[in-house]
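J.: For the sequence shown, this note's numbering assigns the number 21 to the initial residue and increments by one for each residue that follows.
One structure follows; several queries about it will come next.
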Amino acid sequence: MESWQELLRKRSVASLEALVARFGAEHFPDLERLRQAAENFEFRISPAMVELITSPGDPIWRQYVPDLQYLEEHTEVRDVILSGGDPLLLSDRRIDEICRRLRAIGHIEIIRIGSRVPCHLPERITPALCAILKQYHPLYINTHFNHPDELTPAAVDALGRLADVGIPLGCQTVLLKGVNDDTEVMKRLMQRLLAARVRPYYIYMCDQVAGAEHFRTTVEKGLEIIRALRGWTSGLAVPHFVIDAPGGGGKIPLLPEYVESITDDAVVLRNYAGQRYVYRQPQPDTAPQAPTEFEPVLAG
Ligand SMILES: *Cc1c(COP(=O)(O)O)cnc(C)c1O
21 MESWQELLRK RSVASLEALV ARFGAEHFPD LERLRQAAEN FEFRISPAMV ELITSPGDPI
81 WRQYVPDLQY LEEHTEVRDV ILSGGDPLLL SDRRIDEICR RLRAIGHIEI IRIGSRVPCH
141 LPERITPALC AILKQYHPLY INTHFNHPDE LTPAAVDALG RLADVGIPLG CQTVLLKGVN
201 DDTEVMKRLM QRLLAARVRP YYIYMCDQVA GAEHFRTTVE KGLEIIRALR GWTSGLAVPH
261 FVIDAPGGGG KIPLLPEYVE SITDDAVVLR NYAGQRYVYR QPQPDTAPQA PTEFEPVLAG
């Protein structure tokens with residue numbers, strides 16, 4: 021019997037030739053463009069998935085056969101994110117080629133890369149790579165640091181090299197029990213990121229994935245962390261706190277409650293330190309008046 025390794029090696033479809041042989045040349049009217057895509061997006065369709073494809077263009081096909089055609093046809097796509105695995109583990113040549121091809125599509129305004137390489141393999145951020153990325157602005161990189169100690173001198177240098185070629189850097193942190201579920205640790209992380217020229221972007225609640233239960237903490241802990249940042253340190257150090265809704269629901273922001281009440285006349289607010297303030301709503305029907313101070317309310 022074939023081992024699973026042999027099965028994967030011998031029965032996968034991993035080249036354009038194998039794809040054409042399997043599904044018929046009539047399904048590949050523009051073979052040349054597909055060849056370009058295949059050159060840059062290595063693919064290997066496992067035997068189980070090859071079996072599942074009933075005809076080219078079906079839902080299984082769309083997931084595994086590489087093509088930039090979708091992006092070319094969908095002119096509403098303005099923003100493309102290259103993400104996990106980790107795009108910065110590709111060779112310089114392939115990163116260059118992928119970015120070049122994306123840039124050739126006129127309606128794609130921004131390219132984003134999501135990568136943990138600046139944290140895990142800062143040596144990968146070579147001057148040669150930076151020189152390549154620099155050609156494809158506007159290009160943003162979101163990286164991923166979870167603990168202030170991860171901002172080693174090597175990581176800080178790597179981030180500096182990216183910033184020096186004009187790449188705006190963000191950080192997506194995941195709230196993890198025993199790692200960063202602590203207001204002081206998070207504040208230090210956010211401040212160190214800023215010092216390393218990275219703007220904290222998101223703190224995520226841990227996804228509900230099998231095997232990660234021990235990392236999960238409460239939503240209240242995340243809110244407590246945001247409360248400990250807002251007003252107590254630079255606003256630049258305060259990321260959005262979000263839950264990435266399961267099933268493609270998108271990111272849902274969570275905010276500590278700073279609004280006590282809203283009426284047509286006024287909004288009652290509580291600031292970071294717990295003091296109450298009243299902001300008067302505009303009153304279009306009354307005669308213009310001298311502006312009143314935005315004053316603290318002593319009651320309460
Ligand atoms: C986070 C995320 C994005 C990007 O969302 P922004 O809020 O625009 O940064 C896109 N796709 C998926 C699947 C995501 O999880």
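Glycine residues also receive a C-beta, built at the ideal position from the N, C-alpha and C atoms.
#1: Within its chain, find whatever has a CB closer than 6 Å to the CB of residue 66; leave out the 5 residues flanking it on each side and keep chain order.
#2: Residue 196 to residue 237, Cα distance in whole Å?
#3: Assuming residue 171 and residue 213 form a contact by the criterion Cβ under 8 Å, report the distance between their Cβ atoms to the nearest whole angstrom.
#4: Kindly give me the distance between the Cβ atoms of residue 182 and residue 131, rounded to whole angstroms, as I take these residues to be in contact under 8 Å.
#5: Tell me, to the nearest whole angstrom, how far the beta carbon of residue 191 is from that of residue 156; I am working on the premise that it is less than 8 Å.
#6: Would DSSP call residue 292 helix, strand or coil?
#7: Residues around ligand 1, please: the condition is that the C-beta lies closer than 6 Å to some non-hydrogen atom of it.
#8: From the DSSP output, in three-state form, read off residue 77 for me.
#9: Report the three-state DSSP secondary structure of residue 132 (helix, strand or coil).
#10: Have a look at residue 266 and residue 168 and give me their C-alpha separation to the nearest angstrom.
#11: Could you check if residue 105 is buried or exposed, using at least 16 other CB atoms within 10 Å of its CB as the buried criterion?
#12: In chain order, what residues of the same chain lie with their CB nearer than 8 Å to the CB of residue 100, ignoring the 5 residues before and after it?
#13: Out of 264, 139 and 53, state which residue places its alpha-carbon closest to the alpha-carbon of residue 174.
#14: In terms of DSSP beta bridges, what is residue 29 paired with?
#15: From residue 215 to residue 176, what distance separates their C-alpha atoms?
T.: Inspection of the coordinates gives the following:
#1: Counting from 1 along the sequence shown, the entry for residue 66 is found at position 46. For residue 66, where only same-chain residues beyond five positions count, the Cβ hits under 6 Å are 32.
#2: Your numbering for residue 196 matches position 176 in the sequence shown. Your numbering for residue 237 matches position 217 in the sequence shown. Taking the straight line from one Cα to the other gives about 7 Å.
#3: Counting from 1 along the sequence shown, the entry for residue 171 is found at position 151. Counting from 1 along the sequence shown, the entry for residue 213 is found at position 193. Correct: roughly 7 Å between the Cβ atoms.
#4: As a working note, residue 182 is residue 162 in the sequence shown. As a working note, residue 131 is residue 111 in the sequence shown. Contact flag wrong, Cβ pair sits at about 14 Å.
#5: Here the question's residue 191 lines up with position 171 in the sequence shown. Here the question's residue 156 lines up with position 136 in the sequence shown. By a beta-carbon distance limit of 8 Å, residue 191 does not contact residue 156. Their separation comes to about 21 Å.
#6: In the sequence shown, counting from the first residue as 1, residue 292 sits at position 272. Three-state DSSP puts residue 292 in coil, outside helix and strand.
#7: Output, sorted by chain position: 101, 264 and 271.
#8: The residue you call residue 77 lines up with position 57 of the sequence shown. Looking at residue 77 - three-state DSSP - the assignment turns out to be coil, as it is neither helix nor strand.
#9: The residue given as residue 132 occupies position 112 in the sequence shown. Correct three-state label for residue 132: strand.
#10: The sequence position of residue 266 within the sequence shown is 246, counting from 1. The sequence position of residue 168 within the sequence shown is 148, counting from 1. Using only the alpha carbons, I get a separation of about 28 Å.
#11: In the sequence shown, counting from the first residue as 1, residue 105 sits at position 85. Result: exposed.
#12: As a first step, residue 100 is located in the sequence shown; it is residue number 80 there, counting from the start. 91, 122, 128, 130, 131 and 132, listed in sequence order.
#13: If you number the sequence shown from 1, residue 174 lands on position 154. For residue 174, the nearest C-alpha among the options comes from 139.
#14: In the sequence shown, residue 29 corresponds to position 9, counting from 1. DSSP output for residue 29 lists no bridge partner at all.
#15: Counting from 1 along the sequence shown, the entry for residue 215 is found at position 195. Counting from 1 along the sequence shown, the entry for residue 176 is found at position 156. Spanning the two alpha carbons is a distance of roughly 9 Å.
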